[in-house]
Amino acid sequence: LTVNPMRDEIVRDAIPKKGSRAAQKNVIVLLPKERFEALVTHPSENIPTFRRLWYVFAITTGARYAEQCGLAWSHLHIDVTKRCPHAGCQAASDIAHVHIERQLTKKGGFAPPKRNSVRTLPLHPLTLEALLWWRDFGWKEHVGRRHEVSDAVFARVDGTYLYQHHIPRYLRQDLVEAELSAKIDGFNIDNHALRRSFLTMLADAGVEESIRTVLGGHKAKTVTDRHYTARNLPRFVAAVAALRFAGVKG
Numbered sequence: 094l095t096v097n098p099m100r101d102e103i104v105r106d107a108i109p110k111k112g113s114r115a116a117q118k119n120v121i122v123l124l125p126k127e128r129f130e131a132l133v134t135h136p137s138e139n140i141p142t143f144r145r146l147w148y149v150f151a152i153t154t155g156a157r158y159a160e161q162c163g164l165a166w167s168h169l170h171i172d173v174t175k176r177c178p179h180a181g182c183q184a185a186s187d188i189a190h191v192h193i194e195r196q197l198t199k200k201g202g203f204a205p206p207k208r209n210s211v212r213t214l215p216l217h218p219l220t221l222e223a224l225l226w227w228r229d230f231g232w233k234e235h236v237g238r239r240h241e242v243s244d245a246v247f248a249r250v251d252g253t254y255l256y257q258h259h260i261p262r263y264l265r266q267d268l269v270e271a272e273l274s275a276k277i278d279g280f281n282i283d284n285h286a287l288r289r290s291f292l293t294m295l296a297d298a299g300v301e302e303s304i305r306t307v308l309g310g311h312k313a314k315t316v317t318d319r320h321y322t323a324r325n326l327p328r329f330v331a332a333v334a335a336l337r338f339a340g341v342k343g
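Position in the sequence shown counted from 1, then plus 93, gives you this note's numbering.
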């Protein structure tokens, strides 16, 4: 071409404009519930149980990537017939729950999560069922030994803590394997999309904003919200249970 066609105003108007990074940040990329259900129930053996569990946990707790990487078995209370293994737990022992109080850094050490993000969450029935199976059967098969309370829930095959950015890539890979789109409005679905889905589904279920703020580990807007503790766990049970996954059966 001897002349740049983009100099023609008609051509410029006909070609879609590339969105800026600022515009991309305003696009809420989340994993639709129906797509999540189709993903975790897809019969393909190329979608490992480990990653299916990761997706279930993320979309029902809203845990951030690094928080989920740093989760140990001592942070989980899934056997309600016993005391919570977490030191100093004040939550009701008859409620299955998770303590999110640290994250795994890129250097492999532990650090506190984002400010205001230390929280205790009730576990969704679907997540509890999956974690019980993972504790009793899946983790041992995955690692090759029984777990200790200090071990990572989501461990590498050698039992060490997982921190790598392959999970978002695998999420898109698994969506494609399940014959599902890995994009929303042209943007890639990433691990944070699961957290956004959790918060969006809570809002759609009519959960009040103050509870969504605490469950999501966001900065509290009122003095009352800032004083929510593990003792308030019963109030959160109904909120988390309001998340319905009709397409997932065990």
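Ideal Cβ placement from N, Cα and C applies to all residues, glycine included.
Checklist entry - Just the Cα atoms here: how many angstroms apart are glycine 231 and threonine 142? => result 8 Å
Next on the checklist: If I measure Cβ to Cβ from asparagine 281 and keep anything under 7 Å in the same chain, skipping five residues before and after, which residues do I get?
Outcome noted: Arg265 and Ala275
Next on the checklist: Pull the bridge partners of tyrosine 158 from the DSSP assignment, please.
Outcome noted: None; tyrosine 158 has no bridge partner.
Checklist entry - Would alanine 189 pass as a contact of threonine 213 if the rule is Cβ separation under 7 Å? => result no
Item to check | For proline 178, the three-state DSSP class (helix, strand or coil) | outcome: coil
Checklist entry - Taking the C-alpha atoms as reference points, what is the distance between lysine 342 and lysine 207? => result 34 Å
Next on the checklist: For alanine 159 and glutamine 196, which I take to be in contact (beta-carbon distance under 8 Å), what is that distance rounded to the nearest angstrom?
Outcome noted: 4 Å
Checklist entry - Are there 16 or more other CB atoms within 10 angstroms of the CB of valine 149, so buried, or fewer, so exposed? => result buried
Item to check | Cβ neighbour criterion (16 or more within 10 Å) applied to asparagine 139 | outcome: exposed
Item to check | C-alpha gap between aspartate 251 and valine 236, whole angstroms | outcome: 6 Å
Checklist entry - Thinking C-beta only, is valine 242 closer than 7 Å to leucine 216? => result no
Next on the checklist: Cutting at 6 Å between CB atoms, please list the residues of its own chain near valine 211, excluding the five before and the five after it.
Outcome noted: Glu194
Item to check | Short CB-CB distance (under 7 Å) between alanine 151 and chain B | outcome: The question asks about chain B, but that chain is absent: this structure has only one protein chain.
Next on the checklist: What does the Cβ neighbour count give for lysine 312, buried or exposed, with the cut at 16 atoms within 10 Å?
Outcome noted: exposed
Item to check | DSSP state of arginine 114 mapped onto helix, strand, coil | outcome: Bear in mind that a pLDDT of 45 at arginine 114, under 50, signals an unreliable position, so the model cannot answer this.
Next on the checklist: Let me check one thing: in DSSP terms, what residues is histidine 168 bridge-paired to?
Outcome noted: Histidine 168 is not bridged to any residue.
Checklist entry - In terms of DSSP beta bridges, what is asparagine 281 paired with? => result Lys276
Item to check | Limits of the unbroken beta strand (DSSP E) element including histidine 190 | outcome: 190 to 193
Checklist entry - What span of residues does the alpha helix (DSSP H) with arginine 328 cover, start to end? => result 326 to 334
Checklist entry - With a cut-off of 8 Å, do at least 3 Cβ pairs link the region 166 to 179 to the region 253 to 261? => result no
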